[in-house]
Amino acid sequence: METEQEKSQKKFHHADDCPITSTIDVIGGKWKPPIIWLLLKEPMRFGDIHKSMPGMALKVLSRSLKELETDGIIIRTAFPEIPPRVVYSLSDKGESLREIMKLLSQWSREHIMKLEEVA
Numbered sequence: 001m002e003t004e005q006e007k008s009q010k011k012f013h014h015a016d017d018c019p020i021t022s023t024i025d026v027i028g029g030k031w032k033p034p035i036i037w038l039l040l041k042e043p044m045r046f047g048d049i050h051k052s053m054p055g056m057a058l059k060v061l062s063r064s065l066k067e068l069e070t071d072g073i074i075i076r077t078a079f080p081e082i083p084p085r086v087v088y089s090l091s092d093k094g095e096s097l098r099e100i101m102k103l104l105s106q107w108s109r110e111h112i113m114k115l116e117e118v119a
């Protein structure tokens, strides 16, 4: 007898049919996971995020933050001050990724980083 997961997997005619694909589209890529990981700890300003990720172009950070904001993962709060101050924080939707991100981190430490240590 087939399980529900086996039944649903047979319906995938292309990648877009998989619910995980849409999640990876939102939080995946080279820089979005580290941005989310940083914001899980505390809200941060643009410059502080950039300093935490050497090698990331300013344009790439700006685009990644805009995409995460558009997808409802982060909130951009601009304060009416001079000089302007903008703080990025996780939305409730972004905060709901906390356990998933912890599990992904744990999985990486157990399966990826151990392989790198051996090599």
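Going letter by letter, the sequence shown gives residues 1 to 119 in the UniProt record's numbering. No residue lacks a Cβ here, since even glycine has one placed at the ideal position from N, Cα and C. Just so we're clear, the structure is a prediction, and the values are computed from it rather than from any experiment.
Residue i classed as buried or exposed, judged by whether at least 16 other C-beta atoms fall within 10 angstroms
{"i": "Lys32", "result": "buried"}
{"i": "Ser64", "result": "buried"}
{"i": "Ile74", "result": "buried"}
{"i": "Leu68", "result": "buried"}
{"i": "Gly28", "result": "exposed"}
{"i": "Gly94", "result": "buried"}
{"i": "Ile100", "result": "exposed"}
Neighbourhood of residue i by C-beta distance below 6 Å, restricted to the same chain and skipping five residues each side
{"i": "Ser52", "result": "Leu38"}
{"i": "Arg85", "result": "Phe79"}
{"i": "His111", "result": "none"}
Sub-8 Å separation of residue i and residue j beta-carbons
{"i": "Gly72", "j": "Ser91", "result": "yes"}
{"i": "Thr70", "j": "Ser89", "result": "no"}
Residue i (DSSP reduced to helix, strand or coil)
{"i": "Ile112", "result": "coil"}
{"i": "Met101", "result": "helix"}
{"i": "Thr70", "result": "helix"}
{"i": "Thr3", "result": "coil"}
{"i": "Ser96", "result": "coil"}
{"i": "Ser89", "result": "strand"}
Other residues of its chain near residue i: CB distance less than 7 Å, five sequence neighbours each side excluded
{"i": "Pro34", "result": "Met53"}
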